[in-house]
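Below is one structure; the comments refer to it alone.
Numbering (the UniProt record's numbering), first residue to last: 1 to 283.
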């Protein structure tokens, strides 16, 4: 296993006068990079503040939160291809991004050395708000633009209330974040679910599908926050049903047993098989 710890951020002229391309070394901490962007008045990643991990890991699963995805601003990356033993440049088309997915996540093996993103200057304001949760927190409308730092701080507060912000004082943050992706289903299937179930229009499949809330499906299948299997040290977060936490000494087997139980309950109740978001290695 190779841990990339390269550091550094370079800036270049973007495709328009108000745009800047940043080349970020893969070992940079993602949240530190978001802070760097905000300090320089660059918008486009503020909704992803507080996501743990490195910049190089971001494109692998097309990280995203609160209405933004890495693919929204992605330009290209440098990739050491393990199969061809060549160093290549991969652009957006090469990555074939999907919802929490990319060609790398689907099996193209290699090492990311740097990532380029193109961000925008809006005079210290955020990109147009596309998250109902952010809009609600500020009493704003979708599409409004708000102070960059205030948006990032609000996102971190919301993440903390869900145990999704790393903290030594919060046992619910001892997780890998959201364990399951939000299912994308047809409008026809969505109509079979209770009307109160959250759903959002997607850009996938030419608008023929909707995205459902995995957290709502889990909780309404009978699994409550804090749930654990008898004798297990793995538990559902006490703050958010979408996270599986380690309560101290949980084994990989216990984590997967709980994940499988959640999948079974949701499948039995709603006919949907939840898909794990983290990569499961050697399982």
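By construction, the Cβ of each residue, glycine as well, lies at the ideal position given by its N, Cα and C atoms.
For the alpha helix (DSSP H) that residue 189 lies in, which residues bound it at each end?
As a first step, residue 189 is located in the chain shown; it is residue number 189 there, counting from the start. 187–190 is the span of the alpha helix (DSSP H), which, as asked, contains residue 189.
Apply the 10 Å Cβ neighbour rule to residue 129 and answer buried if 16 or more other Cβ atoms are within range, or exposed otherwise.
Walking along the chain shown from the start, residue 129 turns up at place 129. Buried is the call here.
Proximal residues to residue 110 (C-beta, below 8 Å), its chain only, five neighbours per side dropped:
The residue you call residue 110 lines up with position 110 of the chain shown. Hits under 8 Å: 79, 80, 81, 82, 83, 104.
Applying the criterion that 16 or more other CB atoms from any shown protein chain within 10 Å of the CB defines a buried residue, is residue 188 buried or exposed?
Your numbering for residue 188 matches position 188 in the chain shown. It is exposed - the Cβ of residue 188 has fewer than 16 other Cβ atoms within 10 Å.
On the three-pair Cβ rule with 8 Å, is the segment 206–223 touching the segment 182–198?
Output reads yes: the segment 182–198 touches the segment 206–223.
Short of 6 Å in beta carbon distance, which residues of its chain neighbour residue 134, apart from the five on each side in sequence? Order them along the chain.
Within the chain shown, the letter at position 134 stands for residue 134. Setting aside the 5 residues that flank it on each side, residue 134 is surrounded in the same chain by 66, each with a C-beta closer than 6 Å to its C-beta; the list follows chain order.
DSSP three-state label for residue 7, please.
Walking along the chain shown from the start, residue 7 turns up at place 7. Residue 7: coil per DSSP, three-state reduction.
Does the distance from the C-beta atom of residue 34 to that of residue 152 stay below 8 Å?
Sequence index remark: in the chain shown, residue 34 carries index 34 (1-based). Sequence index remark: in the chain shown, residue 152 carries index 152 (1-based). Result yes, Cβ atoms of residue 34 and residue 152 sit closer than 8 Å.
On a CA-only basis, which of 238, 248, 240 is nearest residue 231? Give me that one, please.
Numbered from its first residue, the chain shown carries residue 231 at position 231. Closest in C-alpha terms to residue 231, from the list 238, 248, 240, comes 248.
Residue closest to residue 212, alpha-carbon to alpha-carbon, out of 28, 237, 181, 229:
As a first step, residue 212 is located in the chain shown; it is residue number 212 there, counting from the start. The option with the nearest alpha carbon to residue 212 is 181.
Looking only at C-alpha atoms, which of 166, 183, 44 sits nearest to residue 177?
Position 177 of the chain shown, counted from the first residue, corresponds to residue 177. Just measuring C-alpha positions, the residue of 166, 183, 44 sitting nearest residue 177 is 166.
Hey, how far is the Cα of residue 73 from the Cα of residue 117?
As a first step, residue 73 is located in the chain shown; it is residue number 73 there, counting from the start. As a first step, residue 117 is located in the chain shown; it is residue number 117 there, counting from the start. Near 5 Å, if we compare the C-alpha coordinates of residue 117 and residue 73.
Can you name the residues that DSSP bridges to residue 276?
For the purposes of this step, residue 276 is taken as residue 276 along the chain shown, with counting starting at 1. 180, per the DSSP bridge assignment.
Take residue 131 and list the residues in its own chain whose beta-carbon comes closer than 7 Å to its own, dropping the five residues that flank it on each side.
Taking the chain shown and counting its residues from 1, one reaches residue 131 at position 131. For residue 131, where only same-chain residues beyond five positions count, the Cβ hits under 7 Å are 47, 66, 67.
Since residue 212 is in the beta strand (DSSP E), which residue starts that stretch and which ends it?
Taking the first residue of the chain shown as position 1, residue 212 is located at position 212. Going by DSSP, residue 212 is part of the beta strand (DSSP E) stretching over 209–212.
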